[in-house]
Amino acid sequence: MSEYVCEVLTKKHNRKDFDCGVEVLNDYLVRFASQDVKRKAAAVFVFTASEESSRVVGYYTLCATSVELSGLPEEAVKRLPRYPQVPGILIGRLARDVGHPGLGRLLLADALSRCARSAKEIAAAVVVVDAKDKSAADFYSRFGFISLPKMRSRLFLPMETVQKLYSS
Ligand SMILES: CC(C)(COP(=O)(O)OP(=O)(O)OC[C@H]1O[C@@H](n2cnc3c(N)ncnc32)[C@H](O)[C@@H]1OP(=O)(O)O)[C@@H](O)C(=O)NCCC(=O)NCCS
Numbered sequence: 003m004s005e006y007v008c009e010v011l012t013k014k015h016n017r018k019d020f021d022c023g024v025e026v027l028n029d030y031l032v033r034f035a036s037q038d039v040k041r042k043a044a045a046v047f048v049f050t051a052s053e054e055s056s057r058v059v060g061y062y063t064l065c066a067t068s069v070e071l072s073g074l075p076e077e078a079v080k081r082l083p084r085y086p087q088v089p090g091i092l093i094g095r096l097a098r099d100v101g102h103p104g105l106g107r108l109l110l111a112d113a114l115s116r117c118a119r120s121a122k123e124i125a126a127a128v129v130v131v132d133a134k135d136k137s138a139a140d141f142y143s144r145f146g147f148i149s150l151p152k153m154r155s156r157l158f159l160p161m162e163t164v165q166k167l168y169s170s
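According to our numbering, the stretch in the sequence shown is residues 3 to 170, in order.
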């Protein structure tokens, strides 16, 4: 059974063999991820497996974002700061190689625990994800993410919830 290691993306990582079944997400890792890191558009974290330590088998990206308070469901707003824009952390992309089923939940847990830790030093009230299709939205819903009423492809979790579940 594979043991996984999570690292910041560097030149040592082999990304060209990564295949999550979604061309645009494969392509991002090969062509755009390093540029995004360099230009501070996103932080990219990769998972490698013990049997082949430089080959990327999963990745996710994080960056700062904000969401309009008026775009959030009423129930959530009660516990959020009353500013027009609510600060958040965006998990922009998340994908695992087709040869590593079951890694999705580990990627998401790692991303959420990193968000929980970061928000202790730089405040963020929500974690936001962009789901590329209905299936991705269903995956995130499975972990409690709630769709924005006016933008179903964008989902969020209050940081309070994330910190309760993933702070350790
Ligand atoms: C979405 C993705 C990350 C899921 O990875 P995975 O390894 O299959 O996920 P896991 O096996 O860890 O699944 C965790 C749970 O989510 C469920 N799940 C996985 N994919 C799901 C989907 N598309 N819809 C609904 N539930 C899903 C699993 O059944 C499992 O539920 P359980 O705990 O009740 O058994 C993976 O399929 C992938 O990389 N897809 C291509 C890229 C993508 O769509 N990324 C999404 C963000 S844009």
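Cβ atoms here follow ideal geometry from the backbone N, Cα and C, with glycine treated the same way.
This structure is a prediction, so every number in the text was calculated from the model and none was measured.
Under a Cβ-count criterion, where at least 16 other Cβ atoms within 10 Å of its own Cβ denotes burial, should residue i be classed as buried or exposed?
i	result
residue 91	buried
residue 146	exposed
residue 50	buried
residue 93	buried
residue 111	exposed
Can you look up residue i in the DSSP assignment and give me helix, strand or coil?
i	result
residue 85	coil
residue 155	strand
residue 97	strand
residue 79	helix
residue 5	coil
residue 24	coil
Tell me whether residue i, by its Cβ, gets closer than 6 Å to a heavy atom of ligand 1.
i	result
residue 20	no
residue 137	yes
residue 151	no
residue 107	yes
residue 140	yes
residue 81	no
Could you give the uninterrupted runs of the alpha helix (DSSP H) lying entirely in the region 28-73, keeping only those of 4 residues or more? 35-40
Going along the chain, which unbroken runs of the beta strand (DSSP E) with 3 or more residues stay wholly within the region 93-152? 128-132, 148-150
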